[in-house]
Every structure is written in structure tokens, then in C-alpha cells.
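Read through the structure below, which is laid out as C-alpha cells, and then see the notes.
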Amino acid sequence: MDASMELMMTMMQSDTGRRHHTADFVVHPQPPPPPHHFPLSELHNPGYAALPQMSELERQSSMAAMREMIFRIAAMQPVQIDPEAVKPPKRKNVRISKDPQSVAARHRRERISERIRILQRLVPGGTKMDTASMLDEAIHYVKFLKKQVQSLERAGVAAAGFEEFPVRVMEGQMMMMGMGCVQQQQMMC
1 MDASMELMMT MMQSDTGRRH HTADFVVHPQ PPPPPHHFPL SELHNPGYAA LPQMSELERQ
61 SSMAAMREMI FRIAAMQPVQ IDPEAVKPPK RKNVRISKDP QSVAARHRRE RISERIRILQ
121 RLVPGGTKMD TASMLDEAIH YVKFLKKQVQ SLERAGVAAA GFEEFPVRVM EGQMMMMGMG
181 CVQQQQMMC
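My numbering puts the sequence shown at residues 1 to 189.
If you want it as C-alpha cells, here you go:
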């Protein structure tokens, strides 16, 4: 097992004991609620409407946990985008305008469509959603990936020690040296 897998396993184990943050609210680990007891005759009655329903908070919590699980699985999968799959479908028997404005607008729309198709491949389940839902999931997925990067950076600092893994703090932001260059107003890389 290589060092990155060990670091990821350590991070996942440390996350289980702490509370889980989602984009909109904090979910605290809680024991499951006690089971509801109903008379057997009421449970088999299809017209009986008093069966327990999940509260909105429970539903959101459940959806957030499921989303995080899907994101964790997707983050571990390799991403390969086939250039042929991204290309737009061929037009058949369609007369294409030669007007410069129409040509420019069509090229702009084609570039947007191509980038959306790429994003659909990157977002877990994105190919099975409409564009608006996929963009919403992309936002959640990027937030999840940012949390993962921050967690791995903290684990890397803790594992390597502060001497071997230099960190600069400037204007309230932590920047890892060697992890990339972030342009700031007062700092140039």
C-alpha cells in the first residue's frame, strides 16, 4: 500500500469520529431513533396515513450522507475523458447559416455545450441528470473536494512535521509550498 492510500485511509478513519459538515448544515452523529410500534392491523391497512414519515431535517441529513458517500467513492475512481465522447453529435440535413453573428453565436454555444459535457463526465452521476441539476451537483462536489484537499493538507502537515513541510500564512489564508501557486495581492510566486 503506498503512502497516499495510507494517508487517505487515515483521513477517512479520523473523519468517522468527528461530526460531518455538509454544504448547508452540520450533521452530528446520533444513535438511530427508536423504532415506531404500530398495531399490525394498522400497518397492513393501505389507507392508513399515520405511518411515520421522515422529517425534513432527517431527509436532508440522509441525502447529505448519501451524497458524501457517493462523492467519496467517485473521488477514488480514475477519471478518463474520451475526446470522441465530448464532441458534439453530427448534424444531418440541416442548413447552417453563414452569417458572421450566427457563426460566432453557434461557436460560443458549441464551446459551452462541450464544457458542460466534460463537466457531466467529471461529476458523479452527471450524465444521468439535466444540466441544472448537474451544475448544482458540481457545486456540491467541488466543495467536497476542497474539504478533502484541506483534510489531506492537514494530515500531510501533521505526518511530515512542520520543518519538512513549509507553510506560509498570509492574510488569514494558509498556503502550502510546493502544492501549487496561488496569486495574491501581496505575494507573487
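Beta carbons are placed, not taken as given, at the ideal position from N, Cα and C, and that holds for glycine.
If you're wondering where the values come from, they're calculated on a predicted model, not measured in any experiment.
Practice problem: Would you give the residue range spanned by the alpha helix (DSSP H) that V103 belongs to? | Solution: Where V103 is concerned, the enclosing alpha helix (DSSP H) starts and stops at 100-122.
Quiz item: Helix or strand or just coil, what does DSSP make of S55?
Solution: Looking at S55 - three-state DSSP - the assignment turns out to be coil, as it is neither helix nor strand.
Quiz item: How big is the Cα-Cα spacing for R117 and M129?
Solution: R117 and M129 have their C-alpha atoms roughly 11 Å apart.
Quiz item: By Cβ distance below 7 Å, which residues in the same chain neighbour L145 in space, the five residues on each side in sequence not counted?
Solution: Within the same chain, and ignoring the five residues on either side of L145 in sequence, the residues whose Cβ sits closer than 7 Å to its Cβ are A75.
Quiz item: With a Cβ-Cβ cutoff of 8 Å, do L119 and A104 count as a contact?
Solution: Against a cut-off of 8 Å, the Cβ pair of A104 and L119 comes out as no contact.
Quiz prompt | Cα-Cα separation, T131 to S61 | solution = For the pair T131 and S61, the Cα-to-Cα distance works out to about 24 Å.
Quiz item: Got a sec? Which residues, its chain only, sit under 7 Å from R67 by beta carbon, not counting five neighbours each side?
Solution: H140.
Quiz item: With burial defined as no fewer than 16 other Cβ atoms inside 10 Å of the residue's Cβ, what is the status of A159: buried or exposed?
Solution: Burial state of A159 is exposed, judged by a 10 Å Cβ sphere holding fewer than 16 other Cβ atoms.
Exercise. Decide if A276 is buried, meaning its Cβ has at least 16 other Cβ atoms within 10 Å, or exposed.
Key: Outside the shown range of the chain, which is 1 to 189, sits residue 276, and nothing can be said about it.
Self-check item: Closest Cα partner of V123 within the set R72, E56, E58
Solution: Of the candidates R72, E56, E58, the one whose C-alpha sits nearest the C-alpha of V123 is R72.
Quiz prompt | Local conformation of M134 per DSSP, three classes | solution = Of the three classes helix, strand and coil, the one that applies to M134 here is helix, per DSSP.
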